[in-house]
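In what follows, a structure is listed as structure tokens, so that the remarks can point back to it.
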Amino acid sequence: GAVVSQHPSWVICKSGTSVKIECRSLDFQATTMFWYRQFPKQSLMLMATSNEGSKATYEQGVEKDKFLINHASLTLSTLTVTSAHPEDSSFYICSAGPGRNQETQYFGPGTRLLVL
Amino acid sequence: DAKTTQPTSMDCAEGRAANLPCNHSTISGNEYVYWYRQIHSQGPQYIIHGLKNNETNEMASLIITEDRKSSTLILPHATLRDTAVYYCIVRIRRGGSNYKLTFGKGTLLTVNP
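Protein chains in written order, with our numbering: chain A, 1 to 116; chain B, 1001 to 1113.
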């Protein structure tokens, strides 16, 4: 149980295009999902908290207009990188937790984005 | 928010126990200690968590000192597939039921044949 999936697993796009990444909780419902970003040889950095049915909460320094988050259902959150640039190339990872308090977070396999 | 300190790297022989230490001297009474690991190019994997009692599951054991200022993750019989970065995290409570995890640099455990 407690499986989180992401799609796609990797994507290559041209500079200026938008890329959508999906995060799904496969066997539980999650009112909250978290989006992280990880640059090479660095640790995970929380980008935003995705809340079902309401606006996402972004961490300081993360542009909300560039990283659009939609959490339209209890099992799906999407992160759209708008007008992607090479500096947005990174490993994007989501997490979600079962249970009312979502005490333990389970992570997706990650999406590697390369912007040319 | 309690922070954690972990060694940058550790080595362990295959088949031996791997003991990964973590200091969290500023932990507060209602904060849990969580351990995750990240194998290269994958999402983090949950290992174990605890509050003040020692915990054991099929993956590992977690030993928390009585004053809760430090803990040790024990992999009883390390295999090559246990080579990963291990993160010790004190879970931060942020408003209502939303909990976020703050990742440090972790410990790179290398299991050698």
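A virtual CB, placed ideally from N, CA and C, is assigned to each residue, including glycine.
A contact between stretches requires three or more CB pairs, one per stretch, nearer than 8 Å, and the segment 13-23 of chain A fails this requirement with the segment 1023-1037 of chain B. Assignment of Asp-27/A by DSSP, reduced to helix, strand and coil, places it in the coil class.
Listed by position along chain A, the residues whose Cβ is nearer than 9 Å to that of Lys-1003/B form an empty set, because the closest Cβ is around 13 Å away. Cβ-Cβ distances below 7 Å link Lys-1052/B to Ile-1064, Arg-1068 in the same chain, with the five nearest sequence neighbours on each side left out; the list follows chain order.
Ranking Lys-1003/B, Gln-1006/B, Cys-1012/B, Gln-1045/B by CA distance to the CA of Val-3/A puts Gln-1045/B first.
Residue range 4-7 is occupied by the beta strand (DSSP E) that includes Val-4/A. Asp-1082/B sits in a helix when the DSSP states are folded into three classes. With the criterion set as a beta carbon lying under 9 Å from some beta carbon of chain B, the members of the segment 23-47 of chain A are Thr-31, Thr-32, Phe-34, Tyr-36, Gln-38, Gln-42, Ser-43, Leu-44, Met-45, Leu-46, in sequence order.
Where Ser-77/A is concerned, the enclosing beta strand (DSSP E) starts and stops at 76-81.
For Asp-65/A, the three-state secondary structure derived from DSSP is coil.
Against Thr-104/A, the close residues of chain B are Tyr-1034, Tyr-1046, His-1049, in the order they occur along the chain (beta-carbon pairs closer than 8 Å).
For His-1049/B, the beta-bridge partners assigned by DSSP are Tyr-1034/B.
Straight-line spacing of the CA atoms in Thr-111/A and Thr-1079/B works out to 27 Å. With its beta carbon less than 7 Å from one in chain A, Gly-1043/B belongs to the interface. In the three-state scheme derived from DSSP, where H, G and I count as helix and E and B as strand, Glu-22/A is classed as strand. Closer than 7 Å to the CB of Gly-16/A there is not a single CB belonging to chain B. Nearest CB-CB separation between Leu-1101/B and chain A: below the 7 Å threshold. A straight-line Cα-Cα distance of about 32 Å links Gln-105/A and Pro-1113/B. The Cβ of Lys-1052/B sits no closer than 7 Å to any Cβ of chain A.
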